[in-house]
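Chains as they are written, first to last, in this note's numbering: chain U, 320 to 429; chain A, 134 to 247.
Quick reminder that beta carbons are idealized off the backbone N, C-alpha and C, glycines included.
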C-alpha cells in the first residue's frame, strides 16, 4: 500500500513568518510530487509540482524534494492570513493516479 | 476557476436512491479522473479515463459505482442504491497526456445521503 504521510497540524505561524510543511512517501519509485492548497469547503488548487531532487521556487513558495529520504516539503515565505488553508501533498502513484496525504492545516495569525 | 466544471455542486438524497454526477474537463485534456474526499482526509482515487477508455478503477469503486466517458469529453459518475457512507465530496480532475501528470480539479460535488 503506497502511502503519503503529513502532520495534520494545525501549524500556526505569525503573519510574515516562514511556514514549513512536510510530507513523506513510501514508494521509492515515485517520480512526481505535487502540493495542493484547499480552502475549507473548496476543491484542491494546484500550487506547485516538483520532479527533480533539490529546490523549486515560485514566488513565495519553495518546494523541496529529497528522493533518497523520500521527503517533500513546501516553504511559504512571508506568510499571509490568506494562506490559511489545508495543504495537501500528492505523489504520482503510477497509472496516472495521485495518492494524497491527509493534509496539514495551516493557520497564519496577524 | 481551473476550467473543469462539475454538476451539480450539491446533492442531498435519501438512502437507496440513485444519483448521477457530471464532469466537464478542460477542453484539450484527454485524461479525466474521479476522486472522493471525506472530511479530514485527502482525496482518494476512484477511476481514470484516457479519452473514452476507462483504464483503471480503484477497489474503492464498488459494484454500485459506475463511470462513463462515452465520447471522450464529459464524464458521468453514477452511484446506485446510495448508502450513508457514500456521503463525501466527489472531485473530478483532468490533465494533458504528459509523462508527469499535473491534474486540475473541478469544484466538486458534495453528496449527502440521509
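Beta-bridge analysis with DSSP links residue 137(A) to no other residue.
For chain U, the residues of the stretch 143-174 of chain A that bring a beta carbon within less than 9 Å of one of its beta carbons are 164, 166, 168, 170, 173, 174, in chain order. If the five residues before and after residue 335(U) are omitted, its C-beta is found closer than 7 Å to the C-beta atoms of 397, 398, all from its own chain and listed in chain order. Here the alpha carbons of residue 180(A) and residue 200(A) stand approximately 8 Å from one another. Going by beta carbons, residue 210(A) and residue 170(A) fall outside the 9 Å limit.
In the three-state reduction of the DSSP assignment, residue 174(A) falls in the coil class. The beta-carbon distance between residue 369(U) and residue 387(U), rounded to whole angstroms, is 15 Å. This is too long to meet the 8 Å contact definition.
For residue 362(U), the neighbours in chain A by C-beta distance under 8 Å run, in chain order, 222, 224, 238, 239, 240, 241.
Each residue's CA atom was taken as its position, placing residue 184(A) and residue 155(A) some 16 Å apart.
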